[in-house]
Amino acid sequence: MAHASTYKPRSGFARWLDSRLPIMRLAHDSFVDFPTPKNLNYWWTFGGILSVCLVILIVSGVALSMHYTPHADFAFASVEHIMRDVNYGWLLRYMHANSSSMFFLAVYIHMLRGLYYGSYKEPREVLWILGVMLFILMIASAFLGYVLPWGQMSFWAATVITNLFGVIPFIGDEVLAWLWGGFGVDGPTLNRFYSLHYLLAFLIAGVVVLHIWALHVPGNNNPKGIDVKGPQDTIPFHPYYTVKDGFALGVFLIVLALLIFYAPNILGHPDNYIPADPLTTPEHIVPEWYFLPFYAILRAVPDILFIPAKTAGVIAMLLAIFTLFLLPWLDSSKVRSARYRPLFKQFFWIFVIACVALGWAGSQSPEGMALLVARISTLYYFAFFWVIMPLLGVIETPKSVPDSISKPVLGSGSAAASGTSG
Amino acid sequence: MAEAHVEEDQSPDTDRRDFLYIATTAVAGIGAAISLWPFIDQMNPTANVQALATTEVDLSPIETGQTIKVVWQGKPVYVRHRTQEQIKAAQSAPVDDLPDPETDADRVQQDQWLIVVGICTHLGCIPVSDPDNLRGEFGGWFCPCHGSHYDDSGRIRKGPAPDNLAVPPYQFIDDNKILIG
Numbered sequence: 000m001a002h003a004s005t006y007k008p009r010s011g012f013a014r015w016l017d018s019r020l021p022i023m024r025l026a027h028d029s030f031v032d033f034p035t036p037k038n039l040n041y042w043w044t045f046g047g048i049l050s051v052c053l054v055i056l057i058v059s060g061v062a063l064s065m066h067y068t069p070h071a072d073f074a075f076a077s078v079e080h081i082m083r084d085v086n087y088g089w090l091l092r093y094m095h096a097n098s099s100s101m102f103f104l105a106v107y108i109h110m111l112r113g114l115y116y117g118s119y120k121e122p123r124e125v126l127w128i129l130g131v132m133l134f135i136l137m138i139a140s141a142f143l144g145y146v147l148p149w150g151q152m153s154f155w156a157a158t159v160i161t162n163l164f165g166v167i168p169f170i171g172d173e174v175l176a177w178l179w180g181g182f183g184v185d186g187p188t189l190n191r192f193y194s195l196h197y198l199l200a201f202l203i204a205g206v207v208v209l210h211i212w213a214l215h216v217p218g219n220n221n222p223k224g225i226d227v228k229g230p231q232d233t234i235p236f237h238p239y240y241t242v243k244d245g246f247a248l249g250v251f252l253i254v255l256a257l258l259i260f261y262a263p264n265i266l267g268h269p270d271n272y273i274p275a276d277p278l279t280t281p282e283h284i285v286p287e288w289y290f291l292p293f294y295a296i297l298r299a300v301p302d303i304l305f306i307p308a309k310t311a312g313v314i315a316m317l318l319a320i321f322t323l324f325l326l327p328w329l330d331s332s333k334v335r336s337a338r339y340r341p342l343f344k345q346f347f348w349i350f351v352i353a354c355v356a357l358g359w360a361g362s363q364s365p366e367g368m369a370l371l372v373a374r375i376s377t378l379y380y381f382a383f384f385w386v387i388m389p390l391l392g393v394i395e396t397p398k399s400v401p402d403s404i405s406k407p408v409l410g411s412g413s414a415a416a417s418g419t420s421g
Numbered sequence: 000m001a002e003a004h005v006e007e008d009q010s011p012d013t014d015r016r017d018f019l020y021i022a023t024t025a026v027a028g029i030g031a032a033i034s035l036w037p038f039i040d041q042m043n044p045t046a047n048v049q050a051l052a053t054t055e056v057d058l059s060p061i062e063t064g065q066t067i068k069v070v071w072q073g074k075p076v077y078v079r080h081r082t083q084e085q086i087k088a089a090q091s092a093p094v095d096d097l098p099d100p101e102t103d104a105d106r107v108q109q110d111q112w113l114i115v116v117g118i119c120t121h122l123g124c125i126p127v128s129d130p131d132n133l134r135g136e137f138g139g140w141f142c143p144c145h146g147s148h149y150d151d152s153g154r155i156r157k158g159p160a161p162d163n164l165a166v167p168p169y170q171f172i173d174d175n176k177i178l179i180g
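Chains as they are written, first to last, in numbering that gives the first Met the number 0: chain L, 0 to 421; chain U, 0 to 180.
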């Protein structure tokens, strides 16, 4: 939805700046008078929420880094120093930890919204791919950050996750030593994780800029999944969606504040308040909740032919994430929105249930019922993308899609509604 | 939509809408401003730093004529047990002619104890007080960086430094003990 600029500099200085660096014009055309489909629902507010989350994470992270010591001997103590001595240090740390949790919650909703309304389809494939890249960067950053407090969970999460690279054939051990900077997770590992954690935050911010750029070329998708046909289908981003996003953000921040102030450790693991001990593994290792579905896939896969379960699990987990890149081409249906895809809609909700089931299975010991649930859900996860999505476009008869966003409301699509003012 | 625009221009709703707009923006703005405070305050001295904000000094082992250096808030502080001659010299200096006029009485609580921050007021070097030679022309301290001379009251007498050596806040806990800070 590249549109003609409507920016009018209001002062001499604004005109002067506009002819040298049209940054105000860019901001105006992107976030003020940006034509946005007028039927966006609240599921579309998570992009803005995620942006604010990222800002909170970066600002609180920079503040934390002023007091944190990335050294195996001092890291744990420096986190306690932050909790006890630093002014508002407890707030900064709880804000950082809980915001990252809520960041994942928001990103999962954001992704499922894209899946449900077909936001990844032509012409928004690059937008989707950038989003998957952001998701992978988030996973990496969250993992690296979780290691920094250097508690028991930090240490053993680092050990378990880095050991996944040990399945690389022939050079696995060398890769591990290179990642660790030693013969196991130790001081050098912590040091480089800190450096990379800091780096990734700004890489994410950079890709977010590309993500928004790629969004602003075709413009937003919408719940009907049909293209904008003209000005009658859009409203300016400001004030309509700044207000809507602002309200959703307010609700989101209230939930975040409840976590920070009333249950700051509810999403964490108590074992991480025990200093890292390379000689003792905690009885039950679980990742943070947002990694549980992938953790379940990792452990669900048995030996497959000549591939041992360990290797197969790693491959399956990576495939589960990297499959998302191919989504725009795995989905063979031309209809974007699930509103008009009766079959897809059902498979979509089964997919959501499978993801939640995987999350539950990931939190349990991989045996009995949990293992069975994990295996069935893993099968469905892959079948959904690799079998159901390609087939549905062929066998499904979509409901009739409206001609335009305005038409169901306004009849002809351009006439003004009458008699309503609210 | 078209009608809504017309209404906005004419009806008293405009006032209510303006009020809501300003009120919402104000609440959000004030909230954002207040939530900035923790990010600013986190850079202030932490509790463990503040716990070390004061330094207790036992004066009893310091002999007459001797100067010791103690650390207070990360800075060197000189504690000098002055001799009678030094006290006399400090009290008889021509105050009005000094670059930074101050009487000795204003700089000490007890005549025999001079307590000053050992940081040259010129550019932050640490003035020395070597009993044999390097104590400057006025018997107090000499700054090796740019040659400032301080007297037995820590006052600047000669050289580029603009002010006297600072006297830190301190109090006598008892006759032989002071608490700096």
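Glycine included, C-beta positions come from ideal geometry on N, C-alpha and C. Remember, it's a predicted structure, so these values are computed and weren't measured experimentally.
Item to complete: Identify, in the order they occur along the chain, each residue of the same chain with its Cβ nearer than 8 angstroms to the Cβ of W181 of chain U, setting aside the five sequence neighbours on each side.
Response: Look at the range of chain U in this structure, 0 to 180, and you will see that residue 181 of chain U is not part of it.
Worksheet entry | Bridge partner(s) assigned by DSSP for E55 of chain U | U:L178
Worksheet item: Of all the residues that make up the segment 86-103 of chain L, which are near chain U by a beta-carbon distance shorter than 8 angstroms?
Response: N86, Y87, G88, L90 and L91
Worksheet item: If you scan the segment 35-99 of chain U from start to end, which runs of the beta strand (DSSP E) of 3 or more residues do you find wholly inside it?
Response: 54-57, 66-71 and 74-80
Worksheet item: Considering only residues of the same chain and omitting the five flanking positions on each side of P36 of chain L, which have a CB-CB separation below 7 angstroms?
Response: N219, N221, V227, D232, T233 and I404
Worksheet entry | Buried/exposed call for A33 of chain U, threshold 16 Cβ in 10 Å | Reading off the sequence, residue 33 of chain U comes out as Ile, not Ala. So I33 of chain U ends up on the exposed side.
Fill in: Secondary structure of P286 of chain L, DSSP reduced to three states
coil
Practice prompt. Would you kindly work out how many angstroms separate the C-alpha atoms of I114 of chain U and E55 of chain U, rounded to a whole number?
Written response: 13 angstroms
Practice prompt. Please look up how many angstroms separate the CB atoms of F350 of chain L and E395 of chain L, rounded, as I've assumed it's under 8 angstroms.
Written response: Contact flag wrong, Cβ pair sits at about 15 angstroms.
Practice prompt. With DSSP as the reference, please indicate the residues paired to C142 of chain U in a beta bridge.
Written response: U:S147
Discussion item. What would DSSP say about L19 of chain U, mapped onto helix, strand or coil?
Written reply: helix
Discussion item. Suppose contacts are defined by Cβ-Cβ distances below 8 angstroms. Is L258 of chain L in contact with L129 of chain L by that definition?
Written reply: no
Item to complete: Closer than 7 angstroms by C-beta to G47 of chain L: which residues in its own chain qualify, once you throw out the five before and the five after it? Chain order, please.
Response: D244 and L248
Worksheet item: Do you know whose CA, among L:F75, L:W15 and L:D28, lies nearest I273 of chain L's CA?
Response: L:F75
Worksheet item: In three-state DSSP terms, what is Y169 of chain U?
Response: strand
Worksheet item: Are the beta-carbon atoms of L147 of chain L and S153 of chain L separated by less than 8 angstroms?
Response: yes
Worksheet item: How big is the Cα-Cα spacing for A415 of chain L and N38 of chain L?
Response: Bear in mind that the predicted position of A415 of chain L carries a pLDDT of just 45, short of 50, making it unreliable; the figure below should be weighed with that in mind. Between A415 of chain L and N38 of chain L, the C-alpha separation is close to 16 angstroms.
Worksheet item: Taking contact to mean at least 3 C-beta pairs separated by less than 8 angstroms, is the segment 317-333 of chain L in contact with the segment 359-374 of chain L?
Response: no
Worksheet item: Can you tell me the Cα-Cα spacing of V127 of chain U and G153 of chain U, whole angstroms?
Response: 11 angstroms
Discussion item. Taking the beta carbon of T13 of chain U as the centre, do at least 16 other beta carbons fall within 10 Å, making it buried, or is it exposed?
Written reply: exposed
Worksheet entry | chain U residues whose Cβ lies nearer than 7 angstroms to that of D84 of chain L | T45, A46 and N47
Worksheet item: Can you name the residues of chain U whose CB is closer than 7 angstroms to the CB of A62 of chain L?
Response: F38 and Q41
Discussion item. Determine, for M110 of chain L, whether the minimum Cβ-Cβ distance to residues of chain U falls below 8 angstroms.
Written reply: no
Fill in: Separation of F141 of chain U from C124 of chain U, as counted between CA atoms
10 angstroms
Practice prompt. Report the rounded CA-to-CA distance for W149 of chain L versus P187 of chain L, giving the unit in angstroms.
Written response: 13 angstroms
Worksheet entry | K406 of chain L, DSSP secondary structure in three states | helix
Discussion item. Relative to the C-alpha of L126 of chain L, which candidate in L:Y6, L:L214, L:I22 and L:P389 has its C-alpha closest?
Written reply: L:L214
Practice prompt. Helix, strand or coil for V206 of chain L, going by three-state DSSP, please let me know.
Written response: helix
Worksheet item: Since V116 of chain U and V69 of chain U are thought to touch, with beta carbons under 8 angstroms apart, how far apart are those beta carbons, to the nearest angstrom?
Response: That pair is no contact at about 11 angstroms.
Worksheet item: Are the beta-carbon atoms of K309 of chain L and V166 of chain L separated by less than 8 angstroms?
Response: yes
Item to complete: Starting from P80 of chain L, find everything on chain U with Cβ-Cβ shorter than 8 angstroms and list it in chain order.
Response: Before going on, a small fix: residue 80 of chain L reads as His here, not Pro. Simply T45 and N47.
Worksheet item: Is it true that the CB of L136 of chain L sits closer than 8 angstroms to the CB of L199 of chain L?
Response: yes
Worksheet entry | Length-filtered (3 minimum) beta strand (DSSP E) runs lying within the segment 172-231 of chain L | none
Worksheet item: To the nearest angstrom, how far is it from the Cα of L133 of chain U to the Cα of Q90 of chain U?
Response: 22 angstroms
Item to complete: Using a threshold of 8 angstroms, state whether the C-beta atoms of Y289 of chain L and S98 of chain L are closer than that.
Response: no
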